[in-house]
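S.K.: Residue numbering for the sequence shown follows the working numbering, beginning at 223 and increasing consecutively.
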Amino acid sequence: MNKNFFKKSTKIVKVYSKNFYFTSLFIKKQYSTYIKIMYLICRTLDEIADNNYLASKKKSLKRLNLILKQLKNKYNKKLDKLSFLIKFLKKNTSINIKFFIDLIQVLIKDIKYPANIKNEKELIYYCYGVAGTIGILILPIIKCSINNTLNAIHLGIFMQLINIARDVLEDAFKGRRYLPASWLNNISAKEIIYLSNIPINKKHKLINHAIIKILNLSHYFYNKGINNIYKLNYTNRLFIKIISSIYYKININIRNSTNNWIYKRIYISLYYKIFITLKNILIC
223 MNKNFFKKST
233 KIVKVYSKNF
243 YFTSLFIKKQ
253 YSTYIKIMYL
263 ICRTLDEIAD
273 NNYLASKKKS
283 LKRLNLILKQ
293 LKNKYNKKLD
303 KLSFLIKFLK
313 KNTSINIKFF
323 IDLIQVLIKD
333 IKYPANIKNE
343 KELIYYCYGV
353 AGTIGILILP
363 IIKCSINNTL
373 NAIHLGIFMQ
383 LINIARDVLE
393 DAFKGRRYLP
403 ASWLNNISAK
413 EIIYLSNIPI
423 NKKHKLINHA
433 IIKILNLSHY
443 FYNKGINNIY
453 KLNYTNRLFI
463 KIISSIYYKI
473 NINIRNSTNN
483 WIYKRIYISL
493 YYKIFITLKN
503 ILIC
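(1) Alpha carbon to alpha carbon, what distance is there between I465 and K501?
(2) Taking just the CA atoms, how far does W405 sit from L304?
(3) Ignoring anything shorter than 4 residues or poking outside the region 304-353, list the alpha helix (DSSP H) runs there in chain order.
(4) Counting Cβ pairs, one atom from each stretch, are 3 or more of them under 8 angstroms apart for the region 359-376 and the region 387-407?
(5) Please return the same chain residues whose Cβ sits closer than 8 angstroms to the Cβ of E367, not counting the five positions on each side in sequence.
(6) So, is H376 buried or exposed, given that buried needs 16 or more other C-beta atoms within 10 angstroms?
(7) Could you tell me the distance, in whole angstroms, from the CA atom of I462 to the CA atom of S440?
(8) In the DSSP assignment, find the unbroken alpha helix (DSSP H) run with K258 in it and report its ends.
(9) Would you check if there are 3 or more beta carbon pairs closer than 8 angstroms linking the region 448-455 to the region 414-428?
(10) I need the DSSP call for R399, collapsed to helix, strand or coil.
(11) Determine the direct distance from the alpha carbon of R459 to that of L504, and round the result to whole angstroms.
(12) Does the region 279-291 come close enough to the region 315-332 that 3 or more CB-CB pairs lie under 8 angstroms?
(13) Determine the extent of the alpha helix (DSSP H) in which N502 is found, giving its start and end residues.
(14) Taking 8 angstroms as the threshold, find out whether the region 374-393 comes into contact with the region 340-357 through three or more Cβ pairs.
(15) DSSP three-state label for F248, please.
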């Protein structure tokens, strides 16, 4: 794999996930390179799954099913680019391909039945599929013990819950609603879009309340995920503390911003990220 590809993966992470890119600066270069490749794979898979038009959905399903088949089959003459990258990661980092398979299966389900989560149980299962799996995949890349698997799953779920709380309206425009229906009296994605254009009413309050419940749930998974972090080596501990602290701050900012899902997407400034980093360097 040539240097241009590694540069491309770095550029994509820098553009699409400033939090991830910033945190990657604090781990070994070799680990950082593989994590960026993993991000590129996951980002591309997510973009494939996000196509809204019928013709595009058919193409997306066809490609995801092809990748799934190639990952399950050890012998393939010609690989999809993503299948090649996943197998490249496996060869160089000993990741377990099973978790990429879990991720792709959840994305396929999301295309066939655009996410309209019914309850908390479905929500957590979805978060495991798209983010808990990624937490597990990072472990062998940064040479973390398999004993940390549950912590990795919990932190992945924590971060995905924050993403859901932050992107309510953005997801609704894609026909998806990840806030559980049981918390919303079955408000649909279309209704969320409609509500974003009218004066505040009781349904807005229902959505706000559901977002707070998501944030409370994320706090629960944060505490479970961060438990025993001090058993890790300093570099890995710092990497995990920085990224989780950034997401924790997003949680606080969403919580303190009324009707934020209508007006703006929450971001964390570079200055605050530097502050968090310096703080964690001192206390890790």
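By construction, the Cβ of each residue, glycine as well, lies at the ideal position given by its N, Cα and C atoms. Bear in mind the structure is a predicted one, so any value in this text is a computation, not a measurement.
M.R.: With the structure as the only source:
(1) 13 angstroms
(2) 37 angstroms
(3) 320-334, 342-349
(4) no
(5) In the sequence as displayed, the identity of residue 367 is Ser instead of Glu. Result list for S367: L361, in chain order.
(6) buried
(7) 16 angstroms
(8) 251-271
(9) no
(10) strand
(11) 12 angstroms
(12) In short, these stretches touch, since the Cβ pair count reaches three.
(13) 492-505
(14) yes
(15) coil
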